[in-house]
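**Q** Numbering (our numbering), first residue to last: 752 to 1091.
Think of the CB as a built atom: it goes at the ideal place given N, C-alpha and C, for glycine as much as any other residue.
None of the values given here were measured: they were computed from a predicted structure.
Have a look at this one before I ask anything.
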Ligand SMILES: Nc1ncnc2c1ncn2[C@@H]1O[C@H](COP(=O)(O)OP(=O)(O)OP(=O)(O)O)[C@@H](O)[C@H]1O
Ligand SMILES: [Mg+2]
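So, in structure tokens, the structure goes:
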């Protein structure tokens, strides 16, 4: 049985994907679900959120053991072997990181040139295209994770195609603006194309290939509206218009519904959450290298800020539970509150 992979993806850059994966990974770990946060963006921003500069430098300094996603796929990328196993670093109880690596971008060409080979049933092409998924699965098994949250860069290139083929589920973070809606229009067709191309290729899997392969399900779980990405110097109505259009665009282009229902944003089943703009709490959290909901008064979260910290904890818990429920991932029940 493979460990389910949830991809967080939008080909619009800078909407808040990495911050979302970072906070959700912490929250799932906090509520008792062992999680692997996989940094599959060659920009490695998720790795930089979890680890300080010294720790990253140590990981990126070449030793004899592979330490990053790139070093794990390097032998197969160079044609000298298959994937290499790595011990993913533990960040906290229930939380491990599959470290990212800027050198991962050099795998792009190898992935591109092996995509057609899978259609010809070539075993090495299958190994190359499934390498990232197999490293994630191996790391998750080593760390005991029951779910993998995968952060990706904002493009529709060969690395992301291999990553999305690796995804059982997809969550789409978006901003209420024209670019995000345009992003949805590109995403839906890309998911459908990659899903059917992978299905066609799975049928060509050579009988003697012993490796497991990803299912390529890419099931959309919904979208998360990130309000911080709203330009606050613009009048409210300028983005309200985009907010209102999110449900129909999602149902039409991502879910490919022939006659989509026009839901209001608040009651759209596709809407997993609308997250607040955390304003000055976000830089505070980044400086303290913590999720917003772990900030303490000693970190500078005082007064009304502290109320916002508590509220962010509840918002992320609701979102984490909703995603887990839709993806069929077991999460321990919340402790019953002692008082109402
Ligand atoms: N809820 C939030 N409130 C305030 N600021 C936020 C919030 N979420 C993200 N940000 C800020 O928005 C910026 C972009 O976020 P992030 O790096 O997570 O986006 P991304 O989609 O991963 O970008 P890329 O496409 O480059 O990978 C960061 O400076 C981050 O601190
Ligand atoms: Mg990012």
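Is the beta carbon of residue 934 within less than 6 Å of some heavy atom of ligand 1?
**A** no
**Q** Where do the ends of the alpha helix (DSSP H) carrying residue 906 lie?
**A** Residue 906 -> no alpha helix (DSSP H), and no H or E assigned at all.
**Q** Here's the rule: buried if 16 or more other CB atoms are within 10 angstroms of the residue's CB, otherwise exposed. What is residue 767?
**A** It counts as buried.
**Q** What are the residues that DSSP puts in a beta bridge with residue 834?
**A** DSSP, once it has assigned bridges, lists no residue as partnering residue 834.
**Q** For the alpha helix (DSSP H) that residue 1025 lies in, which residues bound it at each end?
**A** Not the alpha helix (DSSP H): residue 1025 falls in the beta strand (DSSP E), residues 1022-1026.
**Q** Would you tell me roughly how many angstroms separate the C-alpha atoms of residue 1074 and residue 784, rounded to the nearest one?
**A** Here the alpha carbon of residue 1074 sits roughly 12 Å from the alpha carbon of residue 784.
**Q** Exposed or buried, what is residue 1015 when buried is set at 16 or more other beta-carbons lying within 10 Å of its beta-carbon?
**A** exposed
**Q** Helix, strand or coil: how does DSSP classify residue 964 here?
**A** coil
**Q** Is the region 790-808 touching the region 840-855, taking contact as three or more C-beta pairs under 8 Å?
**A** yes
**Q** Under DSSP, the alpha helix (DSSP H) around residue 801 begins and ends at which residues?
**A** Following the DSSP letters along the chain, one finds residue 801 inside the alpha helix (DSSP H) bounded by residues 796-801.
**Q** So, with DSSP's three-state summary, where would you put residue 973?
**A** In the three-state scheme derived from DSSP, where H, G and I count as helix and E and B as strand, residue 973 is classed as strand.
**Q** Given a threshold of 16 other Cβ atoms within 10 Å of its Cβ, counted over all protein chains shown, does residue 754 qualify as buried or as exposed?
**A** buried
**Q** Once DSSP output is grouped into helix, strand and coil, what is the label at residue 769?
**A** helix
**Q** Report yes or no: do the region 910-923 and the region 964-971 share at least 3 C-beta pairs separated by less than 8 Å?
**A** yes
**Q** Just to be sure I understand the criterion: a residue counts if its Cβ is closer than 5 Å to at least one heavy atom of ligand 2. Which residues meet that?
**A** 768, 769, 796
**Q** Less than 7 Å between the C-beta atoms of residue 800 and residue 901, yes or no?
**A** no
**Q** State the DSSP-derived secondary structure class of residue 1090, mapped to helix, strand or coil.
**A** Because residue 1090 sits at a pLDDT of 48, beneath the cut-off of 50, its placement in the model cannot be relied upon, and the following sentence gives the value as read from the coordinates. Coil at residue 1090, not helix or strand.
**Q** Mapping the DSSP letters down to three states, classify residue 1000 as helix, strand or coil.
**A** helix
**Q** Below 7 Å CB to CB, which residues in the same chain sit around residue 1090 once its five sequence neighbours on both sides are set aside?
**A** With a pLDDT of only 48 at residue 1090, under 50, the local geometry of the prediction cannot be trusted, and no value is derived from it.
**Q** Which residue wins for smallest C-alpha separation from residue 844, given the options 797, 874, 787?
**A** 787
**Q** Is it the case that the CB of residue 922 approaches a heavy atom of ligand 1 more closely than 6 Å?
**A** no
**Q** Leaving aside the five residues before and after residue 913 along the sequence, list all residues of the same chain whose C-beta is less than 6 Å from its C-beta, in chain order.
**A** 862, 880, 883
**Q** Ignoring anything shorter than 4 residues, give me the alpha helix (DSSP H) runs that lie fully in the region 855-927, in order along the chain.
**A** DSSP assignment within the region 855-927 yields the following whole alpha helix (DSSP H) runs of 4 residues or more, N-terminal first: 859-870, 874-880, 882-894, 909-916.
**Q** Using a threshold of 6 Å, is the CB atom of residue 908 nearer than that to any non-hydrogen atom of ligand 1?
**A** Not so, every heavy atom of ligand 1 lies at least 6 Å from the Cβ.
**Q** Can you list, in chain order, the stretches of the beta strand (DSSP E) that have 3 or more residues and sit fully within the region 1038-1080?
**A** none
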